[in-house]
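Residue numbers (this note's numbering), protein chains in the order written: chain A, 1 to 93; chain B, 94 to 402. We put the CB at the ideal spot given by N, CA and C, even for glycine. Only a predicted model underlies this, so the values are computations on that prediction, with no experimental measurement involved. Before any comments, here is the structure.
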C-alpha cells in the first residue's frame, strides 16, 4: 500500500509565462516525482503539485531560487487520506 | 444496501457498494432503468452502463460518464447521485420527463473500475488504468489520452511511467474500446458528457488542435448558459472554452473523438474544489457539487433535446 507520509501539495499561481515554463521543467524532472494535480496553464490559473517528502527540499529550493512564490495547501497528504478512510469506515457502520 | 432510502449519497463508496446500489436502482425503477454490461476491464471487472429509457427503439440518446480517472472520487460519487436524480425526477420534473419521453440516457458511473479498486486498496492517488506495459515496470494508460483523435500528438506522453501515458495505440484500453464500440454500434448518440475533476472548467473540443470546432459558437453559448446555471446555486466559479485554449494541448482525449464521430454536443467537466483539497475533496461537498453540476447538465441535455440534428 502506497503511503504519502510527509508529502505536501503546493499551490503556485504563475506570474508570467516564464514561470509557467519553469513549472513545466519541474514536472519533467522525473526523479522528483512531482505529480501535477492541476497543471500550470495560464497566469490566472493556479497549479497544484503533489510533492513527495523525499523531493520537498529540492522542489522548494528550485522554486525559491527562481522567485516563484508558493503556498502549502496540504501539509501532510497521508493525514488527509487517513481522515478520509476513517470517515468512510464510520459512514459504512 | 437494499434500499435507496438508506443509501448515503453524501459519502464515498467502494465499487462493490456502488454496483450493489445500481442493482437496487434498477429494482426500484424497473420500467425506467436497466443495467447493461458493455465490456470488461483489463482485470476482468464488468463495465456497467445504466440505461434510462421509457421505450422506443434506438432513440436519440445522451451519454454521461464519470470516473475515467480513478482518483477523482468526487466524479464517481456525483455519478451515483445524478443517476438517482434522473430516476427520481422522471414523472416529477417536467423537463426531465420530457427528455426521457423522447430520448434515452446512458450513464457509465465507473469508467475505470480497475483503477478505482486500486485507489481503494493500494494507492488512493492512482489515475490510470491497470494494464501491463510490455517491457516496462510501469503500469497503466491514461484513458483520456487513448482515443483515436490526434492520438500520439503532443499533450500526451509516450513514457509508460507518465500519468498521461497514451498507450501503445488508440483504443488499446478495453475501458476505452468498450465505449467506442458502444457509441459506434448505437449510432444515435446526440450528446456526450464526460465528467472529471478538479479545476472548475466546462470544456468542449478541440484539445489536439487549435483549429476551432465547426460548432464552436454554439458550444460556447451552451457552455456560458450551463456555467451560469451552475454558478447560480452556490457561486462556484467556472471557466469555459475549448480544451486547448482553456487549459492545454491534450491529444487523444475522449470528447475530441466523440465530436469527430458526429456527436455535436460533446463536453467535459472539471468539477469543483472550492477549498484546497484536490482529489481528497471532503465527503460533505459531494451533494453540493452534485447539485450544482446537475444544473449545468440539465442545460446541456435540454439544449440537445431541443436542437436535435
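Interface flag, residue i vs chain B, CB-CB below 8 angstroms
i	result
residue 9 (chain A)	yes
residue 1 (chain A)	yes
residue 91 (chain A)	yes
residue 26 (chain A)	no
residue 68 (chain A)	no
residue 48 (chain A)	yes
residue 63 (chain A)	no
residue 17 (chain A)	no
residue 82 (chain A)	no
residue 13 (chain A)	no
residue 76 (chain A)	no
residue 35 (chain A)	yes
residue 86 (chain A)	no
Contact with chain A by residue i, beta-carbon distance below 8 angstroms
i	result
residue 340 (chain B)	yes
residue 100 (chain B)	no
residue 371 (chain B)	yes
residue 249 (chain B)	no
residue 358 (chain B)	no
residue 306 (chain B)	no
residue 210 (chain B)	no
residue 215 (chain B)	yes
residue 292 (chain B)	yes
residue 256 (chain B)	yes
residue 376 (chain B)	yes
residue 105 (chain B)	yes
Under the three-state DSSP convention, the category residue i falls into
i	result
residue 3 (chain A)	coil
residue 289 (chain B)	strand
residue 12 (chain A)	strand
residue 352 (chain B)	helix
residue 34 (chain A)	coil
residue 361 (chain B)	strand
residue 371 (chain B)	helix
residue 469 (chain B)	With chain B covering only 94 through 402, there is no way to say anything about residue 469 (chain B).
residue 335 (chain B)	strand
residue 71 (chain A)	strand
residue 48 (chain A)	strand
residue 93 (chain A)	coil
residue 61 (chain B)	Past the edges of chain B, shown from 94 to 402, lies residue 61 (chain B), and the structure says nothing about it.
residue 43 (chain A)	coil
residue 79 (chain A)	helix
residue 347 (chain B)	helix
residue 84 (chain A)	helix
Test item: CB-CB of residue i and residue j under 8 angstroms
i	j	result
residue 263 (chain B)	residue 345 (chain B)	yes
residue 376 (chain B)	residue 105 (chain B)	yes
residue 8 (chain A)	residue 51 (chain A)	yes
residue 204 (chain B)	residue 111 (chain B)	no
residue 23 (chain A)	residue 40 (chain A)	yes
residue 331 (chain B)	residue 294 (chain B)	yes
residue 365 (chain B)	residue 73 (chain A)	no
residue 180 (chain B)	residue 125 (chain B)	yes
residue 16 (chain A)	residue 49 (chain A)	no
residue 232 (chain B)	residue 226 (chain B)	yes
residue 200 (chain B)	residue 157 (chain B)	yes
residue 260 (chain B)	residue 234 (chain B)	yes
residue 312 (chain B)	residue 319 (chain B)	no
residue 385 (chain B)	residue 323 (chain B)	yes
residue 299 (chain B)	residue 357 (chain B)	no
residue 335 (chain B)	residue 297 (chain B)	yes
residue 190 (chain B)	residue 184 (chain B)	yes
residue 152 (chain B)	residue 206 (chain B)	no
residue 120 (chain B)	residue 223 (chain B)	no
residue 91 (chain A)	residue 101 (chain B)	yes
residue 281 (chain B)	residue 154 (chain B)	yes
First and last residue of the uninterrupted beta strand (DSSP E) at residue i
i	result
residue 130 (chain B)	126-133
residue 102 (chain B)	Where residue 102 (chain B) is concerned, there is no enclosing beta strand (DSSP E), given that its DSSP letter is neither H nor E.
residue 390 (chain B)	Unbroken run through residue 390 (chain B) is the alpha helix (DSSP H), 379-399; no beta strand (DSSP E).
residue 406 (chain B)	Nothing in the structure corresponds to residue 406 (chain B), since chain B is present only between 94 and 402.
residue 294 (chain B)	294-297
Range covered by the alpha helix (DSSP H) that runs through residue i
i	result
residue 327 (chain B)	309-327
residue 56 (chain A)	56-65
residue 22 (chain A)	17-28
| Whole runs of the alpha helix (DSSP H) within the stretch 138-207 of chain B, excluding any shorter than 4 residues | Counting only runs of 4+ residues, the alpha helix (DSSP H) found wholly inside the stretch 138-207 of chain B occupies 166-182, 187-195, in chain order.
| task | Would you mind listing the alpha helix (DSSP H) stretches within the stretch 198-286 of chain B that are 4+ residues and don't spill past its ends, in chain order? | result | 206-214, 267-279
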